[in-house]
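Undergrad: To get this note's numbering, take the position in the sequence shown, counting from 1, and add 1482.
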Amino acid sequence: MRKAVMAVAVAGSLAWSTMTGAAPPKPSSIPERALGQAAQLRETALASDLAWRITESLTTEIGPRLPGTEADARAVAWAEAKFRELGFDRVWTEPVTFPKWVRRSERADVLGANAQPLALTALGGSPGGTVEAEVVRFQGLAALEAAPAGSLAGKIAFVDFDMPRSREGSGYAVGSKVRGRGPTTAAAKGALAFLMRPAGTDSHRFGHTGITRFDEGVTPIPSAALSAPDAQQLTRLLALGPQRVRVALDCGWDGTATSHNVIGEIRGSRRPDEVVLIGAHLDSWDLGTGAIDDGAGIGITMAAGALIGRLPKAPARTVRVVAFANEEQGLLGARAYAARHANAVARHIVGAESDFGAGRIYGYSSSAPAHAQAADAAIARALEPLGIAHMPGTGSPGPDIGPMAQQGMAWARLAQDGTDYFDLHHTADDTLDKIDPAALAQNAAAYAVFAYLVASMDGDFGSAPRPRPVPQPAPVPARAR
Ligand code: ZN
Ligand code: ZN
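1) Looking at the secondary structure, which residues open and close the alpha helix (DSSP H) in which D1591 lies?
2) Leaving out five residues on either side along the sequence, give the residues of the same chain with a beta carbon under 6 Å from the beta carbon of R1817.
3) Give the single residue among F1580, S1539, P1577 whose Cα lies nearest to the Cα of F1565.
4) With distances taken from CA atoms, which of G1787, K1795, M1939, L1935 is nearest L1568?
5) Identify every residue that forms a DSSP beta bridge with Y1846.
6) Using 8 Å for Cβ pairs, my map puts D1837 next to P1881. What's the rounded Cβ distance?
7) Is the beta carbon of H1446 within less than 7 Å of some heavy atom of ligand 1?
8) From R1589 to L1602, what does the alpha carbon distance come to, in whole angstroms?
9) Output needed for A1561: all residues of its chain with C-beta closer than 7 Å, excluding positions within five of it in sequence on either side, in chain order.
10) Around the C-beta of L1789, are 16 or more other C-beta atoms found within 10 angstroms, so that it is buried, or is it exposed?
11) Per DSSP, I1748 forms a beta bridge with which residues?
12) Roughly how many angstroms lie between the CA atoms of A1486 and L1813, to the nearest whole one?
13) Pull up the distance between the alpha-carbon of V1700 and that of K1671, whole angstroms please.
14) Per the DSSP calculation, E1616 is bridged to which residue(s)?
15) For R1484, name the three-state secondary structure that DSSP assigns.
16) Along the chain, where does the beta strand (DSSP E) that runs through M1678 open and close?
17) Where do the ends of the alpha helix (DSSP H) carrying T1666 lie?
18) Nearest by alpha-carbon distance to A1821: which of F1943, P1506, P1577 is it?
19) For the putative contact between T1876 and S1847, defined by C-beta atoms under 8 Å, what is the C-beta separation to the nearest angstrom?
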């Protein structure tokens, strides 16, 4: 599902000596006193509503935060002020520049004998335009890919597919691939517009947006996701006979914009130059208020940092919370962060991102190499009372952690229950009322315990600079964005 990142996971498990040719480092360990402090921190965080109040503040005062918009700029100012209000020792921003995409209006109608409206939403990156044409339906992306060259000339391509529900959200691999590759594939075969069943698991009457991208040399076409019931309705109509549909989208790229990664630090007491990075993304799509994606992650990680900051004594290392800019349109903030901090990979002891909604955390895993596995197991034991199982050897870093992990930063994953995530993800229903405050507190407790223990650890977690990967164009986001 995320090949580059999976490669990082494999490399992370290689023996240290194989990677460096040097003698293996001393085993890392967590001081007994830190384990006692972490147990207290866990209970304090479980009883705190701080993550909820932060998430409520962001989603209420700012609302949706489409990258590059006026609201996005207000979110940056909000994050800076919130870090300060929460007592972070150092707060700053780092600029991120990217193309800006805007949505103005969207509509679709079946024409002719069965005339009726269809509910849909434009995909991010779609151009605007009005198209009236006959619809050709494909069951799955492979069927569209198999269509002969030129066979879609003058038509609207419609890709239907099944997206199963699961705790890990694995069905999204299918949906996000249709969204990422469908439009450019249809355009290359001559289609005038692209429609898809949404990359979601709900049966509500709205589409799921999300970024798509067109290959070099392909002329972009208006592209949108129907709602699931409308995709089913269109399928039934097509069974009756040919259908002409009018798709009218007013949206598109509109110059460039600059936003900011916003960073807050709780300064370490003994090794302040060494950083434990936790974070989430500050931007969101425009249809809901970006509560589960990713206001919750902002609330969880800011609260975790703030609760560590309130301890009588700061841990040895610095805890850095990053609110990443523009994750949704291609990890633009995370890429800028990785480029700016490329020379500090070894000083980033570990990174973890919360970007999979607000469900309870059920599993913990990391890239810890052999010499850090005893410390890793101690962290897992400290998380156990939160109902979190140690799942070594599973998962991969969160999306915004990926670019630093590719350069050699160690990562950890606190896996959230995503059973309902794709009912809400990138829709008008992504709003605060969908979040369970108790589950949010459990998340904040887990991030606080994890970050505090790594920040207090003797020894490292395996971060070591790797040869830089060949720069690649921003990919189509593949998961949970
Ligand atoms: Zn998203
Ligand atoms: Zn996200």
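We treat Cβ as the ideally placed atom computed from N, Cα and C, and that holds for glycine.
TA: Reading from the atomic positions:
1) Stepping through the sequence shown from its first residue, residue 1591 is reached at position 109. That residue, D1591, is in no alpha helix (DSSP H); its beta strand (DSSP E) goes 1572-1592.
2) Walking along the sequence shown from the start, residue 1817 turns up at place 335. Closer than 6 Å at Cβ, skipping near neighbours: P1885.
3) On the sequence shown, position 83 is the one that residue 1565 refers to. Considering only alpha carbons, the answer is S1539.
4) Here the question's residue 1568 lines up with position 86 in the sequence shown. Answer by Cα proximity: G1787.
5) Counting from one through the sequence shown, the residue named residue 1846 turns up at place 364. Beta-bridge pairing links Y1846 to H1872, L1896.
6) Along the sequence shown, one-based indexing puts residue 1837 at 355. Along the sequence shown, one-based indexing puts residue 1881 at 399. Indeed, because the Cβ distance is near 6 Å, the residues count as touching under 8 Å.
7) Nothing about residue 1446 can be reported from this structure: the residues present for the chain run from 1483 to 1963 only.
8) In the sequence shown, residue 1589 corresponds to position 107, counting from 1. In the sequence shown, residue 1602 corresponds to position 120, counting from 1. R1589 and L1602: Cα-Cα distance of roughly 7 Å.
9) Here residue 1561 refers to the residue found at position 79 of the sequence shown. Taken in chain order, the residues that qualify are V1744, L1764, A1805.
10) Position 307 of the sequence shown, counting from 1, holds the residue named residue 1789. Buried, since its Cβ has 16 or more Cβ neighbours within 10 Å.
11) Here the question's residue 1748 lines up with position 266 in the sequence shown. V1801.
12) Here residue 1486 refers to the residue found at position 4 of the sequence shown. Here residue 1813 refers to the residue found at position 331 of the sequence shown. Reliability fails at A1486, whose pLDDT of 38 lies under 50, so the model's placement of it is uncertain and no value is given.
13) One-based indexing of the sequence shown puts residue 1700 at position 218. One-based indexing of the sequence shown puts residue 1671 at position 189. Near 10 Å, if we compare the C-alpha coordinates of K1671 and V1700.
14) Sequence index remark: in the sequence shown, residue 1616 carries index 134 (1-based). E1616 pairs with K1637, R1726.
15) Counting from 1 along the sequence shown, the entry for residue 1484 is found at position 2. The predicted model places R1484 with a pLDDT of 35, which falls under 50 and marks its position as unreliable; any figure quoted below should be read in that light. DSSP places R1484 in coil when its eight states are reduced to three.
16) Taking the first residue of the sequence shown as position 1, residue 1678 is located at position 196. That run of the beta strand (DSSP E) goes 1675-1678.
17) Counted from its first residue, the sequence shown places residue 1666 at position 184. Here the alpha helix (DSSP H) through T1666 covers 1654-1670.
18) As a position in the sequence shown, residue 1821 is number 339, starting the count at 1. Among F1943, P1506, P1577, the Cα nearest to that of A1821 is on P1577.
19) Working through the sequence shown from its first residue, we reach residue 1876 at position 394. Working through the sequence shown from its first residue, we reach residue 1847 at position 365. That belief holds up - the Cβ atoms of T1876 and S1847 are roughly 5 Å apart, short of 8 Å.
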